[in-house]
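For reference, the structure is listed below as structure tokens.
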Amino acid sequence: MIKGNCYNCGKPNHIAKDCRLPKKNQAHVSEVRSVPIDLGKLNLSAVVFEANLVDNPREWWIDTGATRHICSDKEMFSTYTPINGRKLFMGNSATSNIVGIGNVVLKMTSGKELTLIDVLHVPDIRKNLVSGSLLVKSGFRLVFESNKFVLTKNNHFIGKGYVEKGLFKMNVMTVMPKMAKVPFYFVERKTSPLELIHSDICDLKFVQTRGGKKYFITFIDDCTRYCYVYLLRSKDEALEAFKLYKNEVENQLSKTIKAIRSDRGGEYGAPFEEFCSEFGIIHQTTAPYSPQSNGIAERKNRTLKEMMNAMLINSGLPQNLWGEAILSANHILNKIPQKDKTETPYELWKENEPRTINEALSSPEAPFWKEAINNEIESIMQNHTWELVDLPSGSKPLGCKWILKRKYKADGSIDKYKARLVAKGFKQKEGLDFFDTYSPVTRITSIRVLIAVAALYDLEIHQMDVKTAFLNGELDEEIYMEQPEGFVVPGQEKKVCRLVKSLYGLKQAPKQWHEKFDWTILSNGFKINECDKCVYAKSTQHSFIIVCLYVDDMLIMGSNCDIILTTKKMLTKYFDMKDMGLADVILGIKISKTSDGLALSQSHYVETILKKFKAYESPPAKTPVDLNLHLAKKQR
């Protein structure tokens, strides 16, 4: 005869593994239920035996003598009912007031969730307690060892804990007072900042900040996920916070907010609607009881609160510093990469380079971008890169995209605006659109050796740049591409570009360009270096010259100016070149000629790092280490 009831269905005479009913998913969410109680006699059943020695409102401890689960922080409760006039009796005859009862959800470090039912809210207690006897009554199994314990249910691992200061502390990651729903479907991000802003208010009025703030409001840009946080005394301040946000971001980005999405809370009521209407901002409100519709803001609030909890717990700071913790957490989140992007929200937010032609031509720098775009198209047309044809049946054209970038000088100032039309080569198929893709690239060690040779023999070092280098390679494959944005030929909108020569973005473009350059320079008397396939040399009876190619940049070193000028004229005959004169910066290294040789420096890189970490204005020190630091030869 089997004693007790089945853990699965609750009926007698069998055990859970033999139960015919569907098994409950108790490995994921487990409930610890209290015995039924009479609130009138509550003071008789809530007894705590172990001493309260630890001051941390977010940690949980196993108490085998406690008859109830006890929590000191109201914010931890997922459900809550106030109670008046009830007492909690301690083992030392002391008493504390019980002010409420409800459920608390704990997330264990194992990833499992533990739901505590009918937890007593006792603000005066100095640590949160989980009743060991209630765990056992609810079907859990507690196995204690000398320095740890393991919690299981129906042979499923739930969590564990370790001894700390003589007591068993549970390994709890976070307390989850608010269970957020997962979004139901994927939504495409906006492509430009301020097109859509997500906003929500979070209530933390369980304790005020030192400035009397009880709430915080978030404004999250949909495109970059860059977030602003404002602390509020009341929800009525939401509109004022939005006005501050609007003025700052629109002034910084020279753009206007197009839409804002929020729930239907009273803080986003009639005054908020009127303000949005006045400035032409579309106010999108979510459906009632559907927080997933405002999932970006809901998820951000939850992440901020979890980070805030962790900061306050680990630092031991008082809870009235939650405002500072929230602002610090938001600063960190803005500066770390996202799952789907390599850039941080801060980088995307501060990036002023336009992403589309329309964005470039509507910016204050429109004349410069227009000139760069026209120069790129002119180079493509002069090079006869493509011809317009009807798309053959069964073929699918590649897309293309404009890449707009600023090029900077060695001192960090803008050198030029550059536009590049790039084919979407990631859609190419090997064996159909491309075959070989390998192209050699000179090594940085080769450049250093050549500069050393130039210093040794007092050679002149000049620099040239190949404009639209990849457009010079000739294609062997048949590739079709859509007409570029902004340059679709009127009346021939349905035609596509059949690529005759390579284009940036194609997988074989680097290989085709190097083959073209290789053939050109070798046919003019140069010999290739066997150690580095991007270094070429040519010598005569009285002079010699070396050319080093790094993609589309090249260093030209010669024994005299005449042979350098002759080589430059030869290269200009075959390619569209830019003569940059004496070498200045190559791969971020600045080259300076002195009376006794050459000096290499990375001052621009150093200045960039100093500015990044806000140390550019710091006074320089002649002593980089402490003068009192004594180092020995064998010191490790």
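Numbering (the UniProt record's numbering), first residue to last: 1 to 636.
Every residue, glycine too, gets a C-beta built ideally from N, C-alpha and C.
The structure presented is a predicted model; accordingly, all values stated were derived computationally and were not measured.
Check, Outcome
"Anticipated Cβ contact below 8 Å, aspartate 222 with arginine 189, distance rounded", "6 Å"
"Minimum length 4: unbroken alpha helix (DSSP H) runs contained in the region 197–266", "238–253"
"Minimum C-alpha distance to isoleucine 444 - residue among Ile589, Ile563, Leu312 and Ser363", "Ile589"
"Those residues which DSSP pairs with glutamate 387 across a bridge", "Arg498"
"Close-in-space but distant-in-sequence residues of the same chain around arginine 264 (CB under 6 Å, 5 per side omitted)", "Thr285"
"As assigned by DSSP and simplified to three states, the class of glutamine 541", "coil"
"Endpoints, alpha helix (DSSP H) assigned at phenylalanine 272", "270–278"
"Leucine 582 - DSSP class collapsed to helix/strand/coil", "strand"
"Contact set for phenylalanine 216: own chain, Cβ-Cβ below 6 Å, skip 5 residues either direction", "Cys202, Val229, Leu231 and Ile326"
"Cβ-Cβ distance between histidine 69 and valine 143 below 8 Å", "no"
"Alpha-carbon spacing of glutamate 353 relative to lysine 405, whole angstroms", "6 Å"
"Helix, strand or coil at valine 551 [DSSP, three-state]", "coil"
"Option nearest glycine 159 by Cα separation, candidates Phe140, Leu167, Gly166 and Arg420", "Phe140"
"Strand pairing of serine 96, partner residues [DSSP]", "Leu88"
"Entirely enclosed alpha helix (DSSP H) segments - the region 320–360, minimum 4 residues", "322–334 and 345–350"
"Cβ distance (whole Å) where threonine 442 is taken to contact cysteine 531 below 8 Å", "Not quite, the Cβ-Cβ distance comes to about 11 Å (not below 8 Å), so this is no contact."
"Proximal residues to valine 422 (C-beta, below 7 Å), its chain only, five neighbours per side dropped", "Cys400, Lys401, Ile403, Tyr504 and Gly505"
"Three CB pairs or more closer than 8 Å across the region 317–331 and the region 298–309", "yes"
"DSSP-derived helix/strand/coil call for tyrosine 480", "strand"
"Where proline 364 falls: helix, strand or coil (DSSP)", "coil"
"Close Cβ partners of leucine 475 (< 7 Å) along its chain, the five nearest in sequence each way excluded", "Leu499, Val500, Lys501, Ser502 and Gln512"
"Status (buried if at least 16 other CB within 10 Å, exposed otherwise) for tyrosine 536", "buried"
"Per DSSP, cross-strand counterpart(s) of leucine 398", "Met481"
"Assigned exposure category for aspartate 38 - 16 Cβ within 10 Å defines buried", "The pLDDT assigned to aspartate 38 is 42, lower than 50, so where the model puts this residue is not dependable; a value taken from the coordinates is nonetheless given after this. With fewer than 16 Cβ atoms within 10 Å of its Cβ, aspartate 38 is classed as exposed."
"Coil, strand or helix - arginine 141 by DSSP", "strand"
"Delimiting residues of the alpha helix (DSSP H) encompassing serine 603", "603–612"
"Residue environment, methionine 464, which counts as buried when at least 16 other CB atoms sit within 10 Å", "buried"
"Contact belief for isoleucine 451 with leucine 582 at Cβ below 8 Å, rounded distance in angstroms", "Their Cβ separation, rounded to whole angstroms, is 13 Å, which puts isoleucine 451 and leucine 582 out of contact at 8 Å."
"Glutamate 278 versus glutamine 338: straight-line alpha-carbon distance, rounded", "35 Å"
"Nearest-angstrom Cα separation, counted from lysine 494 out to aspartate 390", "7 Å"
"Inter-stretch contact (C-beta, 8 Å, three-pair minimum) for the region 121–129 and the region 89–108", "yes"
"Bridge partner(s) assigned by DSSP for valine 130", "Ile62"
"Separation of tyrosine 480 from proline 193, as counted between CA atoms", "33 Å"
"Per-residue DSSP class, three states only, for valine 119", "strand"
"As assigned by DSSP and simplified to three states, the class of glutamate 515", "helix"
"Threonine 437 to histidine 514 span [Cα, whole Å]", "11 Å"
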